[in-house]
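K.L.:
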Amino acid sequence: MTETPQPSRRTEEDIVAGILFGVMALLSVICAAAEGKLSALGGALFSGASDAVTLSLSLCGSMCLFCGLLRMLGEMGALGVLKRILMPLIRLLFGGAARQGIAVDEIAASLSANLLGLGNAATPLGIAAMDALLGRDAGEDRPPKAGKAQADALQADAAMLVVWNTAPPSLFPTALLALRHAAGSADPAAVLPAVFLTSLCGCVFAAVLTKLTCAPHGRENV
Amino acid sequence: MMGWTQMLLPALIALVGGMFLLGGDRALKAFAAGAAEGLRSAVSLFPTLLLFVCAAALFRSSGAMEILCGFLTPLCETLHLDAALVPLLLIRPLSGSASTAMLSELFASYGPDSPIGLCASVLCGASETMLYVIAVYCGGRSLRYRRQIFVCAALTAVFLSVMSVLVGRWLLCVP
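This is how it looks when you write it as structure tokens:
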């Protein structure tokens, strides 16, 4: 539930937001008219607006706190340790990159950031990994000197990275914890094991599915 | 099962406290950088969040939410699914702000520790906004497996929805 704003994100999110708001607003007016509740709409709008501020403030404080703490943990060496732990996984899932020695550091950083709940950092790192895999350094695609089969293997790895990021294993869902606490939960962290278990299953499911569907040609030695 | 999870945050606090003591200046700088990132992120999240919370408030006050849930209840009863979760399930892959707004609505109506609140928490914690991830990671690139990426992500989103509700109910509500 943590996302970094990027240029393309604002467009997509804004479009969805606009459409959803438009639809919901119109439906609400129609419904309220039908049920004789038109006068309640204005009040709902204003209380909604102030609720949004309260929500954002409580999210803001916790997000800042946890982002700061986890980044500190990361820079104190947790990232290095994580990278060593992740290498077997990287070799398994991102075979092309591992064998060719391309983008491994970036992938490890992206995975670590996801695991540590640093969603804000995970996005730019993930984009850097995509660039490294697909050769977007100068805005061009990977030159053909890499060989078609090898380029395909890297494409498969890129696909794996994208799908992985739609369902990463979630150790520290910090925004969720903040929301639960703000809503007065007796034990905000009670959902953590369940969240981790579910996200892990989703991740495995996604990885298996991607491996099955994104098989590059002649992948024996690349 | 409930007892030990209450130790998680205190344990993290102790760990972090220790690292601050050991890390000194470097730790503080890193913390500040991370906190600033969090602030930037929260601030830019605000406009769309505002829109969605208002939309949800309008929707609820006009009675449209009840009508929607009323339509969905027969179907949901056959699936043993709470009708109130359906809007969240549908919205989650599409928009992070909307699901945040909807999650806090559910918390306000049913409580964060109720069965519905717990299932919704698991869903939001375990999944990501598919639309955003795909847009950001795939935007403007030529990818060989574009269609496969979308299909895999969509199927995973469905899988996560089903699993979160199941896990939420079985793991959290039974004991």
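For the record, the sequence lines run as chains A and B.
Heads up, the first sequence is in the numbering used here, so the first residue is 55 and it goes up one at a time.
Heads up, the second sequence is in the numbering used here, so the first residue is 329 and it goes up one at a time.
Think of the CB as a built atom: it goes at the ideal place given N, C-alpha and C, for glycine as much as any other residue.
Would you mind working out which of A:D159, A:L170 and A:A232 sits nearest M184 of chain A, comparing C-alpha positions?
P.N.:
A:D159
K.L.:
So is the beta-carbon of K357 of chain B under 7 Å away from any non-hydrogen atom of the ligand SAH?
P.N.:
No copy of the ligand SAH occurs in the structure displayed, which carries no ligand at all.
K.L.:
Secondary structure at T457 of chain B, three-state DSSP: helix, strand or coil?
P.N.:
coil
K.L.:
Going straight from the alpha carbon of G72 of chain A to that of S112 of chain A, what length do you get?
P.N.:
Distance from the CA atom of G72 of chain A to the CA atom of S112 of chain A, rounded to whole angstroms, is 25 Å.
K.L.:
Would you check if there are 3 or more beta carbon pairs closer than 8 Å linking the region 485-493 of chain B to the region 254-263 of chain A?
P.N.:
With contact defined as three or more Cβ pairs closer than 8 Å, the region 485-493 of chain B and the region 254-263 of chain A are in contact.
K.L.:
What are the boundary residues of the alpha helix (DSSP H) that includes A232 of chain A?
P.N.:
Here the alpha helix (DSSP H) through A232 of chain A covers T228 to A236.
K.L.:
Check whether the region 229-248 of chain A touches the region 468-477 of chain B, taking contact to mean three or more Cβ pairs, one atom from each stretch, closer than 8 Å.
P.N.:
no
K.L.:
Thinking C-beta only, is L187 of chain A closer than 8 Å to D206 of chain A?
P.N.:
no
K.L.:
Measuring alpha carbon to alpha carbon, tell me which residue in B:A364, B:L343, B:A429 and B:P421 is nearest R234 of chain A.
P.N.:
B:A429
K.L.:
Within the 8 Å Cβ cut-off, does L263 of chain A reach chain B?
P.N.:
yes
K.L.:
Decide if E365 of chain B is buried, meaning its Cβ has at least 16 other Cβ atoms within 10 Å, or exposed.
P.N.:
By the neighbour-count criterion, in which a residue is buried when 16 or more other Cβ atoms sit within 10 angstroms of its Cβ, E365 of chain B is buried.
K.L.:
Let me know the secondary structure DSSP gives D105 of chain A once reduced to three states.
P.N.:
helix
K.L.:
Grouping DSSP H, G and I as helix and E and B as strand, with all else coil, what is G346 of chain B?
P.N.:
It is helical.
K.L.:
Of all the CB atoms in chain B, is at least one closer than 8 Å to the CB of R125 of chain A?
P.N.:
True, the Cβ-Cβ gap to chain B drops below 8 Å.
K.L.:
Taking the alpha-carbon positions, what's the C257 of chain A to A176 of chain A distance?
P.N.:
16 Å
K.L.:
With a cut-off of 8 Å on the beta carbons, I'd call M458 of chain B and A481 of chain B a contact; round off their distance for me.
P.N.:
5 Å
K.L.:
Count the other CB atoms, across all protein chains shown, that sit within 10 Å of the CB of P142 of chain A; report buried if there are 16 or more and exposed otherwise.
P.N.:
exposed
K.L.:
Do the CB positions of S425 of chain B and M117 of chain A come within less than 8 Å of each other?
P.N.:
Cβ atoms of S425 of chain B and M117 of chain A: not closer than 8 Å.
K.L.:
Report all residues from its chain with a CB closer than 8 Å to the CB of A412 of chain B; omit the five preceding and five following residues, and keep chain order.
P.N.:
The answer, listed in chain order, is C397, L434, S437, Y438 and I444.
K.L.:
In chain order, what residues of the same chain have a beta carbon less than 8 Å from the beta carbon of V70 of chain A, not counting five sequence neighbours either side?
P.N.:
Around V70 of chain A: no qualifying Cβ.
K.L.:
Residues of chain B with CB closer than 9 Å to the CB of I181 of chain A, please, in chain order.
P.N.:
Correct list: V464 and Y465.
K.L.:
I'd like to know whether the C-beta atoms of A167 of chain A and L140 of chain A end up nearer to each other than 8 Å.
P.N.:
no
K.L.:
Using a C-beta cutoff of 8 Å, does S164 of chain A count as contacting chain B?
P.N.:
no
K.L.:
Compare the Cα-Cα distances from A232 of chain A to each of A:L99, A:S110, A:A269 and A:G150 and report the closest residue.
P.N.:
A:S110
K.L.:
Of the residues B:L377, B:A361, B:F380 and B:L386, which one's Cα is nearest the Cα of L81 of chain A?
P.N.:
B:L386
K.L.:
Compare the C-beta of L413 of chain B against all C-beta atoms of chain A and say whether one is closer than 8 Å.
P.N.:
So no, L413 of chain B is outside the interface.
K.L.:
Mapping the DSSP letters down to three states, classify D441 of chain B as helix, strand or coil.
P.N.:
coil
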